[in-house]
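Heads up: the structure comes next, in structure tokens.
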Amino acid sequence: MKDYRAKLEGLADHAVTDDDITYPAKTISWFLREKKFDALCYVIGSANFKDCPRQAGFQILDGIKCVT
318 MKDYRAKLEG LADHAVTDDD ITYPAKTISW FLREKKFDAL CYVIGSANFK
368 DCPRQAGFQI LDGIKCVT
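The following block contains the structure:
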């Protein structure tokens, strides 16, 4: 996120915060919170992608072993 923020600050004439930047994992986390989703989430994506819902408080399952 820090890299994106630095690039955007180079284009803008003001400081850029994390709230100014949106991306799919952040949008999905917002949607799930709005729906009061509280079940486990099976996420296919990069470690960075999975960090966003984890930081939002969702329990993330990943890997082949968790699917039975």
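So the sequence shown is numbered by this note's numbering: it starts at 318 and just counts up by one.
Think of the CB as a built atom: it goes at the ideal place given N, C-alpha and C, for glycine as much as any other residue.
Remember, predicted model here, so these are calculated numbers, not experimental data.
- When ALA342, GLU326, ALA373 are compared, the shortest CA-CA separation from ASP355 is found for ALA373.
- Under the three-state reduction of DSSP output, LEU357 falls in the coil class, being neither helix nor strand.
- In this structure, LEU378 lies near LEU357, with their beta-carbon atoms less than 8 Å apart.
- Take the alpha-carbon of VAL333 and the one of PRO341: they are about 18 Å apart.
- Contact between ILE338 and TYR321 holds, with the beta-carbon distance rounding to 6 Å and staying under 8 Å.
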